[in-house]
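Student: Residue numbers are given in the numbering used here: position 87 of the sequence shown equals residue 149, and the series is strictly consecutive.
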Amino acid sequence: MLLQDIPGREDVKAYLHKIVAEDRVPHAILLSGGEGYGKLQIALGFSALLQCQDRQPTGACGVCGSCSKTLQLIHPDLHLAFPVVKKDKLKREDTTAKDFMAEFRSFVVEHPYGDLNDWLTHLNASDKQANINKTECSKILKNLGLKTYEGRYKIQIIWYADYLEKEGNRLLKLIEEPSDDTIIIMITNNSTRVLNTLRSRCQIISIPPTEDAAMLEFIAESYSLSEEDRQELAFLSSGNLRKAQLLGQRQELNYSEELLNWLRLAYKVNAQQMVAFTNDMAGRGKQEIVNFLEYGLHYFREYLLYLNTGEPDKLRLTSTEKKVAMEMTKIIDHSKTEQIRDLFELSIKQIKRNVALKALLMTRTLQINSILR
Ligand SMILES: [Zn+2]
């Protein structure tokens, strides 16, 4: 994706354009920011800008050979490293990112804002431990030691640089004494987990979450949701483009209604309705239940804020959700909300550890009943 096409964060994009225009690009950059903030796309857009043969006032042209090859991840001067698992027929210690390039290209197209879990799921390896190994570091040194093939720069992107572990020390010399045409862009969700020695030699650029207004625009362009649902999704995704994509594919969100229904059901505990609810919810699968519970956490956070301040205006909730919140104050106070929220948090953890869904939902409904009563 070209930098100018990435939603929001105009300050960061303007800064990156500026350092390229003024020829002040540091040799080692660490892009740091939360999951789903589009750091890999920013790194790729920035690489296209650096290599573009026909830069425009708006940024990279997007159509020259360099732009096109960079965006397809086939530019010979663009090198990528990322966590991998063992590949068939290869030894684990010999497997590097190069062995997974075809898979990575299709991954980036399918999940432009995907995270490491999405990547491992794409490889059908979500139960495996991925890393960036010693052989990868040797390859990085070798690649960057070569002359450029056709670009102005040799660019090395390291996605999830915190997975370098201590092997990353092999890259120190490269970062300390880089050749003029070498640029290393490391990416991490958590800069404190990147080796100190590496981090201290990089210019750290913090990538903030996508702003609500930009997120709303992105959602409106990408999905056909009602205005109310677009607003709900923008608040719920909190600047995380991955999450917005995950939830945006639904026809309608309906989460607030479902949450209220569940609480009503838990209050009454009608056996027949409970079985129907549990079957319906469990039938939607793990991910969908986690999405729903995460919505619940978002909702309770705002609801607690409302209980504390009594001001509905500042809440990141839609007008329907605010009405629900006002109704709820009659039955759910501060302490009950906190207890239910803790149950939701626990449930997410347990679902990720693969507990039986129906039994879990049934137990939670009864627990919520005893909290409400
Ligand atoms: Zn171009």
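Backbone N, C-alpha and C fix where the C-beta goes; we use that ideal spot for every residue, glycine too.
(1) If you run the structure through DSSP and keep just helix, strand and coil, what is residue 146?
(2) Taking the beta carbon of residue 336 as the centre, do at least 16 other beta carbons fall within 10 Å, making it buried, or is it exposed?
(3) Can we count residue 121 as close to ligand 2, meaning its CB is less than 7 Å from some heavy atom?
(4) Is it the case that the stretch 203-211 contacts the stretch 103-118, given that we only count it when at least three CB pairs across the two stretches are under 8 Å?
(5) Quick check on residue 109: buried or exposed, where buried means 16 or more other Cβ atoms within 10 Å of its Cβ?
(6) Using 10 angstroms around the beta-carbon of residue 383, count the other beta-carbons present and answer buried if the total reaches 16, otherwise exposed.
(7) Three or more C-beta pairs under 8 Å: does that hold for the stretch 273-282 against the stretch 301-310?
(8) Output yes or no for whether 8 Å exceeds the beta carbon distance between residue 166 and residue 135.
(9) Taking residue 90 as part of the beta strand (DSSP E), name the residues at either end of that continuous run.
(10) Buried or exposed: residue 252, going by 16 or more other Cβ atoms within 10 Å of its Cβ?
(11) To which residues does DSSP link residue 248 through a beta bridge?
(12) When the distance is taken between beta carbons, is residue 137 closer than 8 Å to residue 115?
(13) Checking 8 Å against the spacing of the C-beta atoms, do residue 179 and residue 227 come in under that value?
(14) So what does DSSP say about residue 370, is it helix, strand or coil?
(15) Should residue 411 go down as buried or exposed, given a rule of 16 or more other Cβ atoms within 10 Å for buried?
(16) Hey, residue 269 and residue 94 are a contact pair by Cβ (cut 8 Å); roughly how many whole angstroms apart?
(17) Taking DSSP's pairing of strands, which residues face residue 141 in a bridge?
(18) What's the C-alpha gap between residue 371 and residue 390?
(19) Who does residue 193 pair with in a DSSP beta bridge?
(20) At what residues does the alpha helix (DSSP H) containing residue 168 begin and finish?
(21) In three-state terms, what does DSSP make of residue 267?
(22) Could you tell me the alpha carbon to alpha carbon distance between residue 430 and residue 413, rounded to whole angstroms?
(23) Can you name the start and end residues of the alpha helix (DSSP H) that residue 129 belongs to?
(24) Cα separation between residue 416 and residue 345?
Tutor: The relevant details are as follows:
(1) Reading the sequence shown from its first residue, position 84 is the one you call residue 146. Of the three classes helix, strand and coil, the one that applies to residue 146 here is strand, per DSSP.
(2) Within the sequence shown, numbered from 1, the residue matching residue 336 stands at position 274. With 16 or more other Cβ atoms within 10 Å, it is buried.
(3) Ligand 2 is not part of the structure shown, which contains ligand 1 as its ligands.
(4) no
(5) Sequence index remark: in the sequence shown, residue 109 carries index 47 (1-based). Buried is the call here.
(6) On the sequence shown, residue 383 is found 321 positions in, with the first residue counted as 1. Residue 383 is buried by the Cβ-count criterion.
(7) yes
(8) Here the question's residue 166 lines up with position 104 in the sequence shown. Here the question's residue 135 lines up with position 73 in the sequence shown. Cβ distance < 8 Å, so residue 166 and residue 135 count as in contact.
(9) The residue labelled residue 90 in the question sits at position 28 within the sequence shown. Residues 90-94.
(10) Here residue 252 refers to the residue found at position 190 when the sequence shown is read from its first residue. Exposed.
(11) Indexing the sequence shown from 1 puts residue 248 at position 186. Bridge partners of residue 248: 92 and 220.
(12) Against the sequence shown, residue 115 aligns to sequence position 53. Against the sequence shown, residue 137 aligns to sequence position 75. Going by C-beta atoms, residue 115 is not nearer than 8 Å to residue 137.
(13) Residue 179 sits at position 117 when you count from the first residue of the sequence shown. Residue 227 sits at position 165 when you count from the first residue of the sequence shown. The answer is no: Cβ separation not under 8 Å.
(14) Along the sequence shown, read from residue 1 onward, the residue named residue 370 stands at position 308. Residue 370: helix per DSSP, three-state reduction.
(15) Numbered from 1 along the sequence shown, position 349 holds the residue referred to as residue 411. With fewer than 16 other Cβ atoms within 10 Å, it is exposed.
(16) In the sequence shown, counting from the first residue as 1, residue 269 sits at position 207. In the sequence shown, counting from the first residue as 1, residue 94 sits at position 32. Their Cβ separation, rounded to whole angstroms, is 7 Å, which keeps residue 269 and residue 94 in contact under 8 Å.
(17) What you label residue 141 is simply residue 79 of the sequence shown in a count that begins at 1. Partner(s): 218.
(18) As a working mapping, residue 371 is identified with position 309 in the sequence shown. As a working mapping, residue 390 is identified with position 328 in the sequence shown. Spanning the two alpha carbons is a distance of roughly 15 Å.
(19) Taking the sequence shown and counting its residues from 1, the one referred to as residue 193 is at position 131. Note: residue 193 sits in a beta bridge opposite 146.
(20) Along the sequence shown, read from residue 1 onward, the residue named residue 168 stands at position 106. From DSSP, the alpha helix (DSSP H) with residue 168 extends over 163-172.
(21) As a working note, residue 267 is residue 205 in the sequence shown. Here residue 267 sits in strand by DSSP.
(22) Taking the first residue of the sequence shown as 1, we reach residue 430 at position 368. Taking the first residue of the sequence shown as 1, we reach residue 413 at position 351. Approximately 18 Å between the Cα atoms of the pair.
(23) Residue mapping note: residue 129 aligns to position 67 of the sequence shown, counting from 1. 127-133 is the span of the alpha helix (DSSP H), which, as asked, contains residue 129.
(24) Taking the first residue of the sequence shown as position 1, residue 416 is located at position 354. Taking the first residue of the sequence shown as position 1, residue 345 is located at position 283. When rounded, the distance between both Cα atoms is 14 Å.
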